[in-house]
């Protein structure tokens with residue numbers, strides 16, 4: 054133990070002087086007990102002469118190691134333990150075992166053997182107990198050393214993670230400004246009546262790709278804020294039917310076939326984060342789902358249930374348990390996450406839970422369903438029909 058404490062002091066610049074001195078004192082007491090036991094056994098020329106000599110030598114080696122540690126020569130002490138002390142201890146225990154067996158065989162020849170065996174047992178007890186204490190302390194210190202090394206590595210990992218999140222946040226901020234300008238100018242140009250059909254198609258492509266890229270930047274920024282604990286929710290009473298056009302407008306302008314059936318209700322949610330959740334799921338469906346998309350909403354107990362459905366192939370079975378983890382891709386099948394950066398569904402889960410809701414996945418009758426539950430603002434009050442977009446009854450194939 055004293056050796057390991059000295060090594061930790063040297064490698065990690067910490068002080069264990071009191072514990073080291075206590076360990077040295079314990080070891081010296083053990084060496085003294087070993088010497089006394091060896092001398093006592095060696096006084097009888099018929100009993101354990103070889104073991105007595107080896108025990109005395111072993112005690113001397115113990116003291117030599119302790120002297121080196123006290124002198125600050127830790128490396129030499131450790132080398133002496135490995136090269137001299139351990140082999141001599143092994144030889145000593147083997148010799149004790151041999152002579153003990155010889156004494157047991159002599160019991161039948163002498164009535165005095167019982168007292169000699171008692172002496173042997175006492176000697177072994179006096180030897181084993183202090184040595185066991187020393188080695189137990191040694192193992193404890195080794196574990197403490199490993200723990201200290203792990204803490205150093207963990208701190209380095211935390212710093213690396215923070216640097217990565219800071220970079221993502223800064224890069225996202227820098228990208229948003231030019232993307233917003235490109236998107237706005239492209240929309241203005243697309244409305245120019247003098248634009249040719251080819252030019253209009255090109256503007257539509259620019260708008261679509263810029264919208265996707267802007268959403269991915271938002272996902273990166275949201276992820277960085279979530280990791281840093283800096284994302285703030287601003288819950289308010291939100292009428293769901295007023296949000297539908299804002300949620301699906303961009304996708305419909307880009308040619309997506311989305312049918313809706315949204316029951317009016319008021320939810321307690323962060324308005325922008327709720328839009329981000331539904332848009333991410335719609336983007337996932339338009340990119341990797343079937344040709345027909347459905348957005349439905351209804352009251353379910355004290356929650357409002359958003360359901361985004363498509364008639365595509367769905368998510369591979371082996372991905373379903375990990376679907377809402379970060380950076381989940383499946384290259385050999387259709388990608389199971391929105392946007393291509395592997396963050397869309399993990400962000401949906403984090404945002405839904407941050408608003409007190411939940412998210413889930415279901416495959417039924419050839420339809421893929423992503424469900425988001427958001428708490429109602431007034432759960433005990435039945436929703437009143439306030440108007441809004443409720444223009445489709447869902448076909449039986451897509452029913453819950």
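Residue numbers (the working numbering): 54 to 453. All C-beta atoms, glycine included, are put in the ideal place defined by N, C-alpha and C.
#1: Relative to the C-alpha of residue 187, which candidate in 303, 118, 206 and 240 has its C-alpha closest?
#2: Classify residue 285 as helix, strand or coil using the three-state DSSP reduction.
#3: Taking only three categories from DSSP, how would you classify residue 298?
#4: Hey, residue 316 and residue 350 are a contact pair by Cβ (cut 8 Å); roughly how many whole angstroms apart?
#5: Alpha carbon to alpha carbon, how far is residue 286 from residue 318? Give it in angstroms, no decimals.
#6: At which residues does the alpha helix (DSSP H) containing residue 327 begin and terminate?
#7: Anyone know if the C-beta pair for residue 397 and residue 337 falls short of 8 Å?
#8: Compare the beta carbon distance of residue 308 and residue 421 with 8 Å and say whether it is the shorter of the two.
#9: Grouping DSSP H, G and I as helix and E and B as strand, with all else coil, what is residue 303?
#10: For residue 359 and residue 324, I'd like the C-alpha separation in whole angstroms.
#11: Which residue's Cα is closest to the Cα of residue 230: 242, 219 and 271?
#12: Using a threshold of 8 Å, state whether the C-beta atoms of residue 377 and residue 335 are closer than that.
#13: I'd like to check one pair, residue 268 with residue 328: are the Cβ atoms closer than 8 Å?
#14: Under the three-state reduction of DSSP, which class applies to residue 247: helix, strand or coil?
#15: Assuming contact is defined by CB atoms lying nearer than 8 Å, are residue 405 and residue 290 in contact in what I supplied?
#16: When the Cβ atoms of the region 232-241 are set against those of the region 257-268, are three or more pairs found closer than 8 Å?
#17: Determine the extent of the alpha helix (DSSP H) in which residue 406 is found, giving its start and end residues.
#18: Looking at residue 367: is its Cβ nearer than 8 Å to the Cβ of residue 416?
#19: CA-CA distance, residue 374 and residue 413?
#20: From which residue to which residue does the beta strand (DSSP E) around residue 347 run?
#21: At the level of alpha carbons, what is the spacing between residue 449 and residue 276?
#22: Could you spell out where the beta strand (DSSP E) holding residue 310 opens and where it closes?
#23: Between residue 428 and residue 294, which are expected to be in contact by the criterion C-beta below 8 Å, what is the C-beta distance as a whole number of angstroms?
#24: Skipping 5 residues on each side, what residues in its chain have a beta carbon closer than 8 Å to that of residue 204?
#25: Which one of 372, 212 and 247 has the shortest CA to CA distance from residue 281?
#26: Taking residue 83 and residue 189 to be in contact with their CB atoms under 8 Å, please state how far apart those CB atoms are, rounded to whole angstroms.
#27: Straight-line CA distance for residue 340 to residue 196?
#28: How would you label residue 193, buried or exposed, when you count the other beta carbons within 10 angstroms and need 16 or more for buried?
#29: Express the C-alpha separation of residue 154 and residue 191 in angstroms, rounding to a whole number.
Taking the definition as stated:
#1: Residue 187 has its Cα closest to that of 118, out of 303, 118, 206 and 240.
#2: coil
#3: DSSP places residue 298 in helix when its eight states are reduced to three.
#4: 6 Å
#5: 20 Å
#6: 324-341
#7: yes
#8: no
#9: helix
#10: 14 Å
#11: 271
#12: Cβ distance not < 8 Å, so residue 377 and residue 335 don't count as in contact.
#13: no
#14: Three-state DSSP puts residue 247 in coil, outside helix and strand.
#15: no
#16: The count of Cβ pairs closer than 8 Å, one atom from the region 232-241 and one from the region 257-268, reaches three, so the stretches are in contact.
#17: 397-407
#18: yes
#19: Between the C-alpha atoms of residue 374 and residue 413 there is a straight-line separation of about 11 Å.
#20: 346-353
#21: Residue confidence is low: residue 449 scores 33 on pLDDT, short of 50, so the model does not pin down where it sits. No coordinate-derived value is stated.
#22: Counting along the chain, residue 310 falls outside any beta strand (DSSP E), and DSSP gives it neither H nor E.
#23: That belief does not hold up - the Cβ atoms of residue 428 and residue 294 are roughly 17 Å apart, past 8 Å.
#24: Nothing listed; no residue qualifies.
#25: Comparing Cα positions, the closest option is 212.
#26: Not really, about 12 Å apart at Cβ, beyond 8 Å.
#27: Here the alpha carbons of residue 196 and residue 340 stand approximately 52 Å from one another.
#28: exposed
#29: 31 Å
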